[in-house]
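K.L.:
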Amino acid sequence: MTEQNFTLKSYTSNVENGSVKWESPSNIALVKYWGKKENQIPENPSISFTLSNCKTITEVTYKKKEGNDFSFDVIFEGENNEAFKPKIKTFFERIETYMPFLRDYHFKIKTSNTFPHSSGIASSASGMSALALCLMSVEEDLGIDYSDEYFNQKASFLARLGSGSACRSIEGELVVWGENESTESSDLFGVKFEDEIHPNFQNYQDAILLVDKGEKQVSSTVGHKLMYGHPFAKKRFTQAHENLSELKDILISGNLKRFIEVVESEALTLHAMMMTSMPYFILMKPNTLEIINKIWQFRAETGSNICFTLDAGANVHVLFPKAEADKVYEFIKTQLVVYCQNGHYICDVVGKGAKKIG
Ligand code: PMV
C-alpha cells in the first residue's frame, strides 16, 4: 500500500446535503510511538489497547456551497469553538489530496467527549479518528463505495494525518502501527492485531488516575521533534521493534509477568527520552511517582498482576486483568485516590473500536 492508494482522483456528486455521526475511542499505547519523520510517519512501530469509555462523539452535517475555500464551524460540547479551528484547517489541508470534495461543502462539526475536557486525557486520538470516520462516511454518501477493510484503512490513514496515535483508534482490541519484522503492518495506518489473544488479556482493565488535569507544558508535537538528533534515539527505535516483537508473543502466550516488565519499561523509557532531550523536560508529577511506588509495593505484597503505563503526561494508566478487578479497585479506592486531583479517576476497559451511530 502507498499513499496513492488513498487518493480519490475524481468524483461527481449531486448530493446537496447530509449528516453522519460516529463515536471513536481513545487508545493507550503499550509500546510507545515517540519520534516521527515527515508526514506523520513514525520512527518506530507501536501497539495499543483500544479503550471503550473514553471516547469522542462527532456529528458532521454538510451542505453544498459556492466558492473554493474550506468552510466549517466547530461546536464543542454545545458551544462554538474557535480554538480547535486552526488544527482542523491544517487537517483539511493535509487530507485534501485524498478527499477532493472538502472545498465543495460547508461542514458543521459537532463534537463532545465522554471524559472531562480538562482532564489531561489527550482527546486528539479519539477526536481526530472520529472526524476522519465522519469524513469517510461523507465520502460514501457522495456515492463512493468501499469494502469495510478499505474504509477502515483509509479512515486510519486520514486520522494519522490529524494526530499520529489517532490511527490506532479505529478498530480494537489491539492495533499495531508502523512497519516491523514481526507483524503485517504499515507506517501509513493502524492494523488490527489479528492473532488470538490469550484469555488473560481479554477485557483488560485500565483505570486512568487523573493526577494533573492542567494543560501540559510541552506538547507531543514538540516532544516528537526533540527525537531528532536525540543521543539515544537510534537505540530507542531499535528497542521499540524488539519490544513489539516480544509483546506480540506475550499477548498470545498470556505471560503476565513479562507483559508487566515490557509495558512499565516502555512507559519509563518514553519519559526517559523526554528527560534526556535537549531541551529536557519532565511531565511526571510527584504524585505520578507516589502512585508508581504504591503499585510496586502492592504487587510485591499481594502477587497481583497490576501494572502502570503513562502517556505524554502526568496521569497514570493502571492496567490489570479483569479477574483482579474487585481487588485492584479496592486498592485504588483506599490507597491511590488520594494522589488524584479532586480524587478523580476513570474506569475503562479494552474495547472494539469506533462505531457509526448516525
Ligand atoms: O499522537 P501524538 O502525536 O499525540 O503522540 C502520542 C504519543 C504517545 O501518546 C506518548 C505515545 C503513543 O504511542 O500513543
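So that you can map any letter, position 104 of the sequence shown is 98 in this note's numbering, and since no number is skipped, the others follow by simple counting.
Virtual Cβ for every residue (Gly too), placed ideally from N, Cα, C.
#1: On the criterion of 16 or more Cβ atoms from any shown chain inside 10 Å, does C48 qualify as buried, or is it exposed?
#2: Note the first and the last residue of the continuous alpha helix (DSSP H) segment covering C334.
#3: Looking at the secondary structure, which residues open and close the beta strand (DSSP E) in which W16 lies?
#4: How long is the line joining the alpha carbons of I286 and L277, rounded to whole angstroms?
#5: Apart from the five residues just before and just after T296, which ones in its own chain have a Cβ nearer than 6 Å to its Cβ?
#6: Would K15 pass as a contact of G352 if the rule is Cβ separation under 8 Å?
#7: Whole-angstrom Cβ separation of I138 and Y5, contact assumed at under 8 Å?
#8: Would you list the residues sitting across from E295 in a DSSP beta bridge?
#9: With H100 as the anchor, note down where its beta strand (DSSP E) starts and where it stops.
#10: Can you give me the C-alpha to C-alpha distance between T215 and I164, rounded to a whole angstrom?
#11: Count Cβ pairs between the stretch 145 to 163 and the stretch 118 to 125 that sit closer than 8 Å; are there 3 or more?
#12: May I have all residues whose beta carbon comes closer than 5 Å to any heavy atom of the ligand PMV, sorted in chain order?
#13: Can you grab the Cα-Cα spacing for the pair K207 / V9, in whole Å?
#14: Report all residues from its chain with a CB closer than 6 Å to the CB of E71; omit the five preceding and five following residues, and keep chain order.
#15: What are the boundary residues of the beta strand (DSSP E) that includes H311?
#16: Please identify the residue among E32, F253 and G29 whose C-alpha is closest to the C-alpha of C301.
#17: Check the DSSP bridge columns for I41 and list the partner residues they point to.
#18: Using only CA atoms, which one of L245, C334 and D98 lies nearest to L283?
#19: Can you give me the Cβ contacts of G12 inside the same chain, cut-off strictly under 8 Å, excluding the 5 residues immediately before and after it?
#20: Alpha helix (DSSP H) containing F78: first to last residue?
#21: What span of residues does the beta strand (DSSP E) with L203 cover, start to end?
#22: Could you check which residue in K104, L152 and Y222 has the C-alpha nearest to that of N(-1)?
#23: In the DSSP assignment, find the unbroken beta strand (DSSP E) run with L370 in it and report its ends.
#24: Determine the burial state of H111: buried for a count of at least 16 other Cβ atoms within 10 Å of its Cβ, exposed for fewer.
#25: Quickly, what does DSSP pair L304 with across the bridge? List them, please.
#26: Going along the chain, which residues of its own chain have a beta-carbon closer than 6 Å to the beta-carbon of S20, five neighbours each way excluded?
P.N.:
If we stick to the structure as given:
#1: buried
#2: Unbroken run through C334: none, as it is neither H nor E.
#3: N11 to V25
#4: 14 Å
#5: none
#6: yes
#7: 6 Å
#8: DSSP lists no partner for E295.
#9: Y99 to N107
#10: 21 Å
#11: yes
#12: A23, K26, Y27, S40, S157, G158, S159, S214, D305 and A306
#13: 43 Å
#14: S106
#15: V310 to F314
#16: F253
#17: V25 and V170
#18: C334
#19: T55, Y56, V132 and D135
#20: Looking at the DSSP string, F78 is not in any alpha helix (DSSP H), and its letter there is neither H nor E.
#21: Q199 to L203
#22: L152
#23: Because the chain is modelled from -5 through 352, residue 370 falls outside the range shown and cannot be assessed.
#24: exposed
#25: V310
#26: L45, C48, A119 and S120
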